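Residue numbers (this note's numbering), protein chains in the order written: chain A, 1 to 89; chain B, 1001 to 1444. C-beta atoms are modelled at their ideal positions from N, C-alpha and C, and glycine is treated no differently. In this text the structure is predicted, and so the values were computed from the model without any measurement. Take a look at the structure set out below.
See the structure below:
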């Protein structure tokens, strides 16, 4: 296994961002230079990369006012009490 | 190797998962508001500002989407998706449509990104069900405009498994191909999994001798109905798994290797609300209707779509023995709300009848359910279950009929007429089976 394997989510997100940037640059090159093989291929990579992004948990936005699913927010019920949410581990 | 396609998401702490769902729901609503004329109108009419969505209570203030609305909104420009489209037509790479059994088909646009999402969702299903790079997976379906197993095919590619496409072949040709190339898994409806086993025997083969060790079922309830699951397992000597999805929603539910029979809800990719008749969330242990929002869909998003499927949430809030923190629907999809009906005031779930018939070896796999008005008392409903003799067990028709009558009464509380007809009298569907024939006039 590579020694460069990332060990936290921030690193994963950074790697995804790098790929995104590279794919965008390739696509721009393909468009500017009229090379469909590169432009369309890079566009396809961007779509595939979306599914990788969806698999890297993003930084969660927790709004303190009526927080979304906050562990102590027993009024934000969706058939689950806060207690159940905490015991679900 | 992990037993999960993405353990980070599938074992996520429930509080974090719910926060992720709210965030993604808000983004999905924002996307739909900004790009879908249908949803712009709908959300404006309800006074919804996407930026105000912060809690599950806020989510429930967003109006649900009914299938009829989708039909009304499509067809205009840009053709054929009309006001449902939330992207440029040039971004659409996949066309599919619903089966149209409940009315005009809904046309489904997916971008490349959406199609990758479909494949990823199905990869979550298939990986959970044991499909690995060394599998050879057969797809015995006709690869047409219905999404069916298309995304499962590409999910196998994503996993690295070998795909054997089985379109445009007869059932006999399919079983011969399965045997010829030693497929280790196949995907089909539960009805067709049983039919293929039947055809294999007609061709002189024993399906338990095939290399198949995994059967992935989808398209109709069945693989989470204990009697049906057991029949398929026995027919193929294979592990049988269930999946639930829809063209509009995506691949949202999947069974695991845990002890219980049913479906995990993929809550990292979908917001799945299980609601009672008043639109309030049901508690664990209760049943309700699914209202679903795919959380990463761009070309044709759905916000709180009424799926018309009923499920029952597992009572225990503890983590499943498979390790996933996703909620679990005991018994899978219990029925389509459109199929649930009352007979003489008693609720009849077709899956309850299916379990009784398939759990009794005195009859074979196929059956039909006919509901009609009594010949002499039109206000009285009569249920007739038509089943076939089972040549393997040789139970006489009248004895099988009597036994089924008793079991149906015990399970459903409904006194059914039972007709046991000769083997192979009934139709053999290749895809989904529509076994319920409600002939009552003006029945609601």
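Looking at residue 1325(B) and residue 1011(B), is the spacing between their C-beta atoms short of 8 angstroms?
yes
Within 10 angstroms of its Cβ, does residue 1033(B) collect 16 or more other Cβ (buried), or is it exposed?
buried
Decide if residue 1305(B) is buried, meaning its Cβ has at least 16 other Cβ atoms within 10 Å, or exposed.
buried
Is residue 33(A) close to chain B, meaning its C-beta is less than 8 angstroms from at least one C-beta of that chain?
no
My guess is that residue 26(A) and residue 14(A) are in contact by the Cβ rule of under 8 angstroms, so how many angstroms apart are they, rounded?
At roughly 19 angstroms, the Cβ-Cβ gap does not stay under 8 angstroms, so residue 26(A) and residue 14(A) are not in contact.
Hey, does residue 20(A) have any beta-carbon neighbour from chain B nearer than 8 angstroms?
no
Looking at the structure shown, is residue 1318(B) part of a helix, part of a strand, or coil, going by DSSP?
coil
Are the beta-carbon atoms of residue 1230(B) and residue 1190(B) separated by less than 8 angstroms?
no
Proximity test, Cβ basis, 8 angstroms: residue 36(A) and chain B
no
Decide if residue 1288(B) is buried, meaning its Cβ has at least 16 other Cβ atoms within 10 Å, or exposed.
buried
Contact set between residue 1116(B) and chain A, taken where Cβ atoms lie within less than 8 angstroms
47, 48, 50, 51
If you run the structure through DSSP and keep just helix, strand and coil, what is residue 1187(B)?
strand
Relative to the C-alpha of residue 1294(B), which candidate in 1164(B), 1199(B), 1002(B), 1031(B) has its C-alpha closest?
1031(B)
Contact between the segment 1130-1145 of chain B and the segment 1210-1220 of chain B: three or more CB pairs below 8 angstroms?
yes
According to DSSP, residue 1281(B) sits in a beta bridge with which residue or residues?
1275(B)
For a contact defined as C-beta to C-beta under 8 angstroms, what are the partners of residue 44(A) on chain B?
1112
Pop quiz: residue 1389(B) and residue 1422(B) are said to be a contact at Cβ under 8 angstroms. What is the actual Cβ separation, rounded to whole angstroms?
6 angstroms
What do you reckon, are the CB atoms on residue 1215(B) and residue 1199(B) nearer than 8 angstroms?
no
Give a yes or no on whether 8 angstroms exceeds the smallest Cβ distance from residue 1008(B) to chain A.
yes
With 16 as the cutoff for other CB atoms within 10 Å, does residue 1098(B) come out buried or exposed?
buried
Excluding the five sequence neighbours on either side, which residues of its own chain have a C-beta within less than 7 angstroms of the C-beta of residue 1391(B), listed in chain order?
1423
Residue 1024(B) (DSSP reduced to helix, strand or coil):
helix
At which residues does the alpha helix (DSSP H) containing residue 1171(B) begin and terminate?
1171-1180
Please name the residue in 1233(B), 1196(B), 1071(B), 1263(B) whose C-alpha comes closest to that of residue 1128(B).
1263(B)
Can you tell me whether residue 1415(B) is buried or exposed? The criterion is at least 16 other CB atoms within 10 Å of its CB, across all chains shown.
exposed
Chain A within 8 angstroms of residue 1120(B), Cβ atoms only
yes
Does any residue of chain B bring its CB to less than 8 angstroms from the CB of residue 68(A)?
Because the pLDDT of residue 68(A) is 39, which lies under 50, any placement of that residue in the model is unreliable, and the number read from its coordinates should be weighed accordingly. Chain B, which has a Cβ nearer than 8 angstroms to the Cβ of residue 68(A), makes this yes.
According to DSSP, what are the bridge partners of residue 1128(B)?
In DSSP, residue 1128(B) forms no bridge with anything.
Residue 1316(B) to residue 1166(B) span [Cα, whole Å]
41 angstroms
Could you check whether the Cβ of residue 17(A) sits closer than 8 angstroms to any Cβ belonging to chain B?
no
To the nearest angstrom, how far is it from the Cα of residue 11(A) to the Cα of residue 1062(B)?
36 angstroms
Any Cβ of chain A within less than 8 angstroms of the Cβ of residue 1043(B)?
no
Spell out whether any CB of chain A is found under 8 angstroms from the CB atom of residue 1168(B).
no
Whole-Å CB distance - residue 1328(B) paired with residue 1314(B), under 8 angstroms assumed:
4 angstroms
Proximity to residue 1022(B) [Cα-Cα], best of 1110(B), 1273(B), 1232(B), 1384(B):
1273(B)
Cross-chain neighbours of residue 1296(B) in chain A, by beta carbon under 7 angstroms
54
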